[in-house]
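Residue numbers (my numbering): 86 to 688.
Each residue gets a CB set at the ideal place from its N, CA and C atoms; glycine is no exception.
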């Protein structure tokens, strides 16, 4: 009985495999058993190294195996179930998107969306993980076994073409007759990299699919899926049987390959990332843009007067975001409103929002509550984050009022998953208005509810919470304006430094005075523009071709900030701290103006 054959035998047939291009084909790159809990598998395909890992939600990621910072292999990184952390400098990348979520050297900044690793499709089928450079169509169903068992991969130091030619000569026994002397083998070559074999002994037959993983021009991996069938031997016996025989086949192929001139190794192309399919190809210029289309997959009552929304991409994947991020929702009635993301770490397949129905709604929350339904498609902006969470604090104090719980829930879930010290204090009118109770319950005793407190009682509670500041401790505040003003004032009295106090307002409660007129010089654009009374800096900039990003356009979110080189700003926003306003080196172009006759802006 031979273990290898130089050419396919007389029982071999060949399927149509014309026009095969390895870069456009699906290839097995791992077995499902190569991805145990929170492991990262080092895969290779066509000369390219891959970091393959399964997140806790079951999603399998196949990424370029390098950190974007210094090129260290991510396959030696830490899989925490929701993010992949580089071992060198601690950069973190999100499940599904491979976007960078955290850079320890810049803990106060949200990484730019352009910091995103290259991803490759990954599909589980037949007990194998399939991927490819640019695979077309679906993963081929050459198997179809009712009880598939993936074999251990066998690495072969030989060109993939040679290995593929020799697979049809593989000899094995049916799973129910491992004690037999020999078997009749029929082989069908189903692709340039796959052969389906059938071994039979006295009517007992077993199907086997063998595939070649083209690791490089001169290296391969043999992968196989066998049909256990009925009355078969134990899996361990089947695996031992094929492991031994495939090992002998490997040895024979390597002896043959040693006589050949080996080709040069493949050099994988390092290309620009493809455009995100969820984006609109040519978003409009000027004004607030909505580059994403999402479907309302679920709408539910998250609390009294609060609706939860789960939004999934119409196509492609959603951009990466970090705790504290928000999106602009462009509503069917033409209004634009900002809502924070409630998502925890690793929840990258959709956006989760919480929307409170305001008693004096001007149409935004009313539209979301009454007009938007499950199945509707909405236009939303890419996530923005000017309320970033630092993960280098000794302890984080999160204080939420009402619907201000939404960004702080995302922060709390991130801190909780990372085992970092924090407390979440939630002020609400009553138990019925406590939003996302299921998420809060999952955070355990780190959550403290403060219900039904009046203004004086709330002030006393805030003073108590802010009294015991520790070194390198940070506080995050989100809620109604009066509560935030009281908390910020208390923090200042208690000696909290400005850089340790982070806050986000729902809206700007200040009455904007736009009666002044002044001149702005754009240092980089070599433009001098007049800003008349009743017009904003942002409007004038856009009218003259300077397309600044913006979100709330109320002076609350910080998206439209620009540096000031000369002149005295007249700050009318609630985003900057008192110290930042006193420094006078930034201005919110949507509401703030000039306190002098001229401003020089670094744009």
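Margin query: My output table needs one value for residue 88: the three-state DSSP class, helix, strand or coil.
Written below: With a pLDDT of 38 at residue 88, under the threshold of 50, the modelled position of that residue is not reliable, and no figure is offered here.
Note to self: Looking at the strands, I want to know which residues DSSP matches up with residue 438.
What the structure shows: 394, 426
Check: Touching or not, the stretch 498 to 511 and the stretch 570 to 590, by the rule of three or more beta carbon pairs under 8 Å?
Finding: no
Checklist line | Residues bridged to residue 666 (per DSSP) | finding: Bridge partners of residue 666: none, in fact.
Margin query: Below 8 Å, how does it come out for the stretch 519 to 536 and the stretch 445 to 456: are there three or more Cβ pairs, yes or no?
Written below: no
Notebook entry, point to check: Apart from the five residues on each side of it in sequence, which residues of its chain come closer than 6 Å, Cβ to Cβ, to residue 413?
Noted result: 373, 421, 423, 466, 636
Checklist line | residue 349 (DSSP reduced to helix, strand or coil) | finding: coil
Checklist line | residue 492 versus residue 579: straight-line alpha-carbon distance, rounded | finding: 25 Å
Notebook entry, point to check: So the beta strand (DSSP E) residue 137 belongs to, where does it begin and stop?
Noted result: 133 to 139
Next item on the list: Quickly, what does DSSP pair residue 239 with across the bridge? List them, please.
Entry: 307
Notebook entry, point to check: Quick one: is residue 256 near chain D, going by C-beta distance under 8 Å?
Noted result: The chain labelled as chain D is not found in the depicted structure, where only one protein chain is given.
Checklist line | C-alpha gap between residue 139 and residue 269, whole angstroms | finding: 39 Å
Checklist line | Where residue 161 falls, given that 16 or more other Cβ within 10 Å makes a residue buried | finding: exposed
Item checked: Ranges of the alpha helix (DSSP H) found wholly within the stretch 450 to 521, counting only runs of at least 4 -> 490 to 502
Notebook entry, point to check: DSSP three-state call for residue 107: helix, strand or coil?
Noted result: helix
Notebook entry, point to check: Contact check, residue 395 vs residue 378 under 8 Å by CB: the rounded distance?
Noted result: Actually they are not in contact, since the Cβ atoms of residue 395 and residue 378 sit about 15 Å apart, beyond 8 Å.
Check: Regarding residue 284 and the ligand FMN, is the C-beta to nearest heavy atom distance less than 7 Å?
Finding: Among the ligands in the structure shown, none appear at all, so the ligand FMN cannot be discussed.
Note to self: On the criterion of 16 or more Cβ atoms from any shown chain inside 10 Å, does residue 520 qualify as buried, or is it exposed?
What the structure shows: buried
Checklist line | Where the alpha helix (DSSP H) through residue 549 begins and ends | finding: 540 to 552
Next item on the list: Going by CA-CA distance only, name the one from 166, 683, 687 that's closest to residue 602.
Entry: 683
Next item on the list: Could you say which of 251, 324, 158 lies nearest to residue 237 if we only look at CA atoms?
Entry: 324
Note to self: If you follow the alpha helix (DSSP H) that residue 578 is in, where does it begin and where does it stop?
What the structure shows: 566 to 578
Next item on the list: Kindly give me the distance between the Cβ atoms of residue 338 and residue 241, rounded to whole angstroms, as I take these residues to be in contact under 8 Å.
Entry: 6 Å
Notebook entry, point to check: What are the complete alpha helix (DSSP H) segments, minimum 4 residues, inside the stretch 571 to 652?
Noted result: 622 to 628
Next item on the list: Kindly confirm or deny that the stretch 400 to 409 and the stretch 663 to 673 touch, where touching means at least three C-beta pairs closer than 8 Å.
Entry: no
Check: Do residue 564 and residue 640 have their CB atoms nearer than 8 Å?
Finding: no
Item checked: Contained beta strand (DSSP E) runs [length at least 3] in the stretch 166 to 207, N- to C-terminal order -> 168 to 170, 177 to 179, 185 to 187
Margin query: Can you list, in chain order, the residues of its chain with a C-beta nearer than 7 Å to that of residue 351? Leave out the 5 residues immediately preceding and following it.
Written below: 131, 132, 301, 302
Check: Where do the N-terminal and C-terminal ends of the beta strand (DSSP E) with residue 289 fall, by residue?
Finding: 289 to 299
Note to self: Can you look up residue 328 in the DSSP assignment and give me helix, strand or coil?
What the structure shows: helix
Note to self: Here's the rule I'm using: 16 or more other beta-carbon atoms within 10 Å means buried, otherwise exposed. How should residue 211 be labelled?
What the structure shows: buried
Notebook entry, point to check: What's the C-alpha gap between residue 664 and residue 191?
Noted result: 21 Å
Check: Mind checking whether residue 496 and residue 483 have CB atoms under 8 Å apart?
Finding: yes
Next item on the list: Find out if the Cβ-Cβ distance for the pair residue 605, residue 657 is shorter than 8 Å.
Entry: no
Next item on the list: Please look up how many angstroms separate the CB atoms of residue 675 and residue 623, rounded, as I've assumed it's under 8 Å.
Entry: 5 Å
Checklist line | Beta-carbon proximity list for residue 246, same chain, < 6 Å, skipping 5 on both sides | finding: none
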